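Residue numbering for the sequence shown follows the numbering used here, beginning at 184 and increasing consecutively. Don't be surprised by glycine CBs; every beta carbon is placed ideally from N, CA and C. None of the values given here were measured: they were computed from a predicted structure. What follows is a single structure, written as structure tokens, with notes after it.
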Amino acid sequence: MDDANTAAVRHYTIACSCCGREYYDDGLILDCTAGHGPALLRTRYADSGFHPLTDRPGIFRYQRWLPVTGTQPDCGRTVVYRSSGLARLLRLPNLWIAFNGFWPERGATLQTATFKELEACTVLGRTPGSGVILTVASSGNTGAAFAWACSQRQLSCLIIIPENGLRRFKFRDSLHPCVNLVVVEDGDYPDAMQIASAVCRLPAFLPEGGVKNVGRRDGLATVLLSAFDEMRRLPDYYFQAVGSGTGAIAVLEAAKRVRDSTGEPAGSRPELPKLMLCQNLPFTPIFDAWRLGEREPTGSAEGFRHAVRQVYADELTNWLPPYATRGGVYDSLQESRGDVLVASSAAARQAAGTFLEVEGIDIEPAAGVAVACLQDAVARRRLNREATILLNITGGGRGRLAKDYCLVQAEPKLRLSRRLCEEDAVHQVAALCGAS
Ligand SMILES: [Zn+2]
Numbered sequence: 184m185d186d187a188n189t190a191a192v193r194h195y196t197i198a199c200s201c202c203g204r205e206y207y208d209d210g211l212i213l214d215c216t217a218g219h220g221p222a223l224l225r226t227r228y229a230d231s232g233f234h235p236l237t238d239r240p241g242i243f244r245y246q247r248w249l250p251v252t253g254t255q256p257d258c259g260r261t262v263v264y265r266s267s268g269l270a271r272l273l274r275l276p277n278l279w280i281a282f283n284g285f286w287p288e289r290g291a292t293l294q295t296a297t298f299k300e301l302e303a304c305t306v307l308g309r310t311p312g313s314g315v316i317l318t319v320a321s322s323g324n325t326g327a328a329f330a331w332a333c334s335q336r337q338l339s340c341l342i343i344i345p346e347n348g349l350r351r352f353k354f355r356d357s358l359h360p361c362v363n364l365v366v367v368e369d370g371d372y373p374d375a376m377q378i379a380s381a382v383c384r385l386p387a388f389l390p391e392g393g394v395k396n397v398g399r400r401d402g403l404a405t406v407l408l409s410a411f412d413e414m415r416r417l418p419d420y421y422f423q424a425v426g427s428g429t430g431a432i433a434v435l436e437a438a439k440r441v442r443d444s445t446g447e448p449a450g451s452r453p454e455l456p457k458l459m460l461c462q463n464l465p466f467t468p469i470f471d472a473w474r475l476g477e478r479e480p481t482g483s484a485e486g487f488r489h490a491v492r493q494v495y496a497d498e499l500t501n502w503l504p505p506y507a508t509r510g511g512v513y514d515s516l517q518e519s520r521g522d523v524l525v526a527s528s529a530a531a532r533q534a535a536g537t538f539l540e541v542e543g544i545d546i547e548p549a550a551g552v553a554v555a556c557l558q559d560a561v562a563r564r565r566l567n568r569e570a571t572i573l574l575n576i577t578g579g580g581r582g583r584l585a586k587d588y589c590l591v592q593a594e595p596k597l598r599l600s601r602r603l604c605e606e607d608a609v610h611q612v613a614a615l616c617g618a619s
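Next comes the structure, spelled out in structure tokens:
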């Protein structure tokens with residue numbers, strides 16, 4: 184075992200999903216060092232049983248299966264309930280909702296109104312100490328979750344987003360100056376990723392790591408853990424709108440962990456939920472690759488940029504998803520015998536309106552895409568109506584939050600153009616963060 188941190192006795196180790204090499208976690212490791220192709224690392228917990236800690240707040244209820252030390256008092260978690268309104272409308276008696284957002288009557292308290300807050304709390308709980316600038320590229324929601332969490336804890340961070348993600352940066356309070364928010368004014372999510380990647384070559388900046396960060400995935404995995412806690416079984420189908428697909432990969436990893444915790448012999452263990460991943464037409468790289476049986480999404484950056492302008496759910500517009508990576512989207516779809524579905528912007532917008540009407544809370548565009556795809560799957564008789572279905576409402580209650588509180592729009596400290604040369608962009612960002 185590679186000895187990154189023998190001093191700290193942890194409740195988990197980290198193992199490579201390709202070669203099985205095992206590591207102690209130094210809180211930073213993102214890749215296997217064995218020199219094979221891209222492969223996700225996974226946590227391996229000492230406690231293989233599902234044992235929620237009922238006295239812990241938020242996601243720390245599942246701390247035995249989180250790569251963190253200590254708890255953080257302001258973390259919420261997913262609220263899971265059996266649907267009545269949407270279930271009646273779609274005639275799905277076993278429809279469950281995993282609600283991530285702000286909905287006080289149901290106990291949902293996520294301050295940035297999406298499930299990205301689950302990953303931000305976990306990543307910050309894994310990252311060791313201070314002295315580095317945690318760097319996150321985002322289409323908007325992940326950046327907002329990290330900005331808020333870092334602001335609350337006064338941890339230095341650099342958040343890079345495209346201009347159209349800025350509208351998601353409304354908070355109950357002003358952000359602490361430790362949050363360095365940078366906007367790519369004429370760019371898209373992958374442009375933000377590119378600048379973040381270049382900046383992270385400087386030692387002061389610590390890349391958050393995206394899908395490769397086990398903290399991020401195990402934080403998102405708590406959606407499934409909350410569901411199992413409430414439902415006492417695994418769902419037959421799991422519906423979620425995807426951009427990178429990180430949340431869906433994480434849910435499948437959690438489902439396997441839960442399945443293996445039952446102690447049943449291989450033949451009688453519960454089946455894994457089928458991942459039903461949902462994308463917003465015309466921005467559908469995962470749908471296209473899956474339908475064509477390709478191992479990599481194809482398409483030109485300019486084609487994707489054009490499609491980005493036409494979608495309702497721009498938080499799903501990642502054209503570099505971890506599709507072919509070992510343990511990534513393709514492998515997860517194969518292993519779960521899942522599928523990829525699509526919805527038009529009009530259908531997603533209408534579905535969000537329907538959800539508000541029958542369930543009683545506003546939802547994010549991405550969640551509208553998932554609801555629209557579920558409706559369509561039912562209409563096309565692609566599901567057994569008696570099946571147990573878990574619908575991930577990945578974000579909701581933003582409207583409700585704005586009604587309850589006077590929200591403050593965060594302003595970027597720096598605006599960049601994607602046409603700026605990389606060296607100049609890095610120089611400006613480093614100067615902003617006092618790291619040049
Ligand atoms: Zn390996």
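Residue i: CB within 7 Å of a non-hydrogen atom of ligand 1
i: Ala217; result: yes
i: Ala507; result: no
i: Arg225; result: no
i: Ala222; result: yes
i: Cys202; result: yes
i: Cys616; result: no
i: Cys604; result: no
i: Cys461; result: no
i: Cys199; result: yes
Whole-angstrom C-beta distance between residue j and residue i, which should lie under 8 Å
i: Ala472; j: Tyr506; result: 6 Å
i: Arg247; j: His194; result: 7 Å
i: Ala303; j: Ala332; result: 4 Å
i: Val512; j: Ile432; result: 6 Å
i: Thr252; j: Gly308; result: 7 Å
i: Val434; j: Val406; result: 6 Å
i: Thr297; j: Glu547; result: 6 Å
i: Arg416; j: Pro456; result: That pair is no contact at about 10 Å.
i: Thr295; j: Ala328; result: 5 Å
Same chain only: Cβ atoms within 8 Å of residue i, ignoring 5 sequence neighbours per side
i: Leu389; result: Leu211, Thr310, Val315, Ile316, Leu317, Thr318 and Cys383
i: Ala562; result: none
i: Leu566; result: Leu275, Tyr420, Ala560 and Ile572
i: Gln493; result: Pro465, Phe466 and Ser528
i: Ala618; result: Ile316, Leu385, Ala387 and Phe388
i: Ala381; result: Glu605, Ala608 and Val609
i: Ser200; result: Ala222, Leu223, Leu224, Arg225, Arg509 and Gly510
Proximal residues to residue i (C-beta, below 6 Å), its chain only, five neighbours per side dropped
i: Asn501; result: Tyr372, Gly426 and Ser427
i: Met376; result: Ala320
i: Arg265; result: Trp279
i: Leu503; result: Pro373
Neighbourhood of residue i by C-beta distance below 7 Å, restricted to the same chain and skipping five residues each side
i: Asp257; result: Gln335
i: Leu293; result: Gly259, Asn283, Gly284, Phe285 and Glu300
i: Pro240; result: Thr254, Pro256 and Cys258
i: Ser444; result: Ser231, Gly232 and Phe233
i: Tyr588; result: Arg355
i: Asn347; result: Asp497
i: Ala437; result: Ala404, Leu407 and Leu408
i: Val397; result: Ile197, Leu224, Arg225, Thr226 and Pro250
Original post:
Which ranges would you report for the alpha helix (DSSP H) in the segment 306 to 354 if only whole runs of at least 4 residues count?
Top reply: 324 to 336
Original post:
Can you give, in chain order, each stretch of the alpha helix (DSSP H) that sits fully within the segment 377 to 462 and has at least 4 residues?
Top reply: 397 to 414 and 429 to 444
**OP:** Starting from the N-terminal side, write out each stretch of the beta strand (DSSP E) that is 3 residues or longer and does not extend beyond the segment 456 to 510.
**Re:** 457 to 463
Subject >> Completely contained beta strand (DSSP E) runs for the segment 248 to 283, where each covers 3 or more residues >> reply: 262 to 265
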